[in-house]
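Colleague: Please read through the structure below; I'll follow up with questions.
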Amino acid sequence: MMSFFARFAFTGPSNWKIQRITSILMAVYLFFIVGYLMTNPALTYDQWSELNSLLPMRVFTLLVVAAVAFHAWIGMRCVFTDYITVRLIGPKANGLRNTLQLGLAFMLLCYLLWTIKILWGL
Amino acid sequence: MLNVSIYRYNPEVDAEPYMQDFEFDTQGKDLMVLDVLEKLKIQDPSLVFRRSCREGVCGSDGVNISGKNGLACITPLSECVKGDKLVVRPLPGLPVIRDLVIDMSQFYAQYEKIQPYMINNSPPPAIERLQSPEERKKLDGLYECILCACCSTACPSFWWNPEKFIGPSGLLQAYRFLADSRDTATEERLANLDDPFSVFRCHGIMNCVQVCPKGLNPTKAIGHIRNMLIRGTA
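Here you go:
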């Protein structure tokens, strides 16, 4: 029987595409940040603050954190449904898996809201 | 002397499975594992295993030989004996009925799901549905599967979700019909596989390729199905 959260999952192909697109976004962001830090070895707080106050940079950062959230949701859901199953750990598995998925969803949502709060200083 | 350790379990007698050790004289010959099992069965008639053709065609004697799934009848001792020890267990991941015999119902249930037969509702031509040599060539490496279950029972995704993940053997067969120019149910077949488990639980670790006694490549076939699903095209 499909668990409560499984019904909210994406389909196989969309999961696959989301994982690849979010990976590319995260990789681009990582290269950009590492490149920026390497080309600015004597970085000051003002410079860093200025970079992150630019609207495109804020949108880019928010997009990447959203990408991390989607990537982690799909990946962790895959891990949970592989390892936390009735077959492997008995009847308590469904409840435990749903609790963990709910906890994960809550955590990722908090990260997103926290990122918006940091970037826009709300 | 060869030390042979065999998984034994008779649910009517044994509280739990155990490994039984046998001494076996190969007389210097590089026998097949099935030969050893046959001779040990003469020593101990209670030993149970499946076998039929004894030449790698029927797929009955899939067992786990010194840690690797394979067909006992075509696996020579020289390939699987470590030191002087041979360990034979049932294929992992499926329920054991007795000794080396497993219950393959789950495996066949997944095979049944993929509709392993030609679907073409157009009126048949007078003689036969023709294929070009190129179209026929696409079936090479797919039609040879003998359903021994060595691949699916070597796949952790199949161990964990045998009810939802089709498994490498079933997916190889699924692609065999998706790739067949005479089959017209491509969209229906793909729709049946379009969920997060049936195909996409394959993480490409290629255990299936490593163990397939027929040298087939289920991971490659799964990749083709995945691409068809992602592109949404036949």
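Residue numbers (the working numbering), protein chains in the order written: chain A, 7 to 128; chain B, 81 to 314.
Glycine included, C-beta positions come from ideal geometry on N, C-alpha and C.
Nothing here was measured: the structure is a model prediction, and the numbers come from that model.
(1) Can you grab the Cα-Cα spacing for the pair residue 79 of chain A / residue 285 of chain B, in whole Å?
(2) Under 8 Å by Cβ, that's how I've got residue 171 of chain B and residue 144 of chain B pegged, so tell me the actual separation to the nearest angstrom.
(3) In chain B, which residues lie with their C-beta within 7 Å of the C-beta of residue 81 of chain A?
(4) Taking residue 97 of chain B as the query, report the chain A residues whose CB atoms sit under 7 Å from its CB, ordered along the chain.
(5) Is any beta-carbon of chain B found at less than 8 Å from that of residue 97 of chain A?
(6) Can you tell me the Cα-Cα spacing of residue 299 of chain B and residue 309 of chain B, whole angstroms?
(7) Give, in chain order, every residue of the segment 278-298 of chain B whose Cβ lies closer than 9 Å to some Cβ of chain A.
(8) What first and last residue would you give for the beta strand (DSSP E) that runs through residue 220 of chain B?
(9) Rounded to whole angstroms, what's the CA-CA distance from residue 314 of chain B to residue 274 of chain B? Just pull it up for me.
(10) Pop quiz: residue 73 of chain A and residue 32 of chain A are said to be a contact at Cβ under 8 Å. What is the actual Cβ separation, rounded to whole angstroms?
(11) If you compare alpha carbons, which of B:120, B:264, B:113 and B:127 is closest to residue 149 of chain B?
(12) Taking the straight line between their C-alpha atoms, what separation do you get for residue 169 of chain B and residue 45 of chain A?
(13) Within a Cβ cutoff of 7 Å, which residues of the same chain sit near residue 233 of chain B, ignoring the five residues on either side of it in sequence?
(14) Strictly below 9 Å CB to CB, what residues from chain B border residue 62 of chain A?
(15) Spatial neighbours of residue 90 of chain A within its chain, please: CB distance less than 8 Å, with the 5 preceding and 5 following residues excluded, ordered by chain position.
(16) With a threshold of 6 Å on Cβ separation, who are the neighbours of residue 102 of chain B within its own chain once the five nearest residues in sequence on each side are excluded?
(17) Compare the Cα-Cα distances from residue 179 of chain B to each of B:129, B:189, B:243 and B:209 and report the closest residue.
(18) For a test of the three-state rule: what should DSSP assign to residue 197 of chain B, helix, strand or coil?
(19) Taking Cβ positions only, does residue 241 of chain B come closer than 8 Å to chain A?
(20) Would you give the residue range spanned by the alpha helix (DSSP H) that residue 109 of chain A belongs to?
(21) Look up residue 149 of chain B in the DSSP assignment and say whether it is helix, strand or coil.
(22) Are there three or more Cβ pairs, one per stretch, closer than 8 Å when the segment 191-200 of chain B is compared with the segment 261-273 of chain B?
(23) Grouping DSSP H, G and I as helix and E and B as strand, with all else coil, what is residue 100 of chain B?
Modeller: For this structure:
(1) Each residue's alpha carbon lies about 22 Å from the other.
(2) 6 Å
(3) What residue 81 of chain A touches in chain B: nothing, since even the nearest Cβ is about 11 Å away.
(4) Within chain A, no residue has its CB atom less than 7 Å from the CB of residue 97 of chain B, the nearest being about 18 Å off.
(5) no
(6) 15 Å
(7) 278, 279, 280, 281 and 283
(8) Here residue 220 of chain B belongs to no beta strand (DSSP E), and DSSP marks it neither H nor E.
(9) Only weak support is given to the placement of residue 314 of chain B: the predicted model assigns it a pLDDT of 42, under 50, and the value that follows is read from those uncertain coordinates. Spanning the two alpha carbons is a distance of roughly 13 Å.
(10) 6 Å
(11) B:113
(12) 59 Å
(13) 149, 171, 172, 173 and 174
(14) Near residue 62 of chain A there are no residues of chain B at all, since even the closest Cβ is about 30 Å away, more than 9 Å.
(15) 99, 102, 103 and 106
(16) 84 and 120
(17) B:129
(18) coil
(19) yes
(20) Counted as a single uninterrupted DSSP element, the alpha helix (DSSP H) harbouring residue 109 of chain A occupies residues 99-126.
(21) Residue 149 of chain B falls in the strand class under three-state DSSP.
(22) yes
(23) strand
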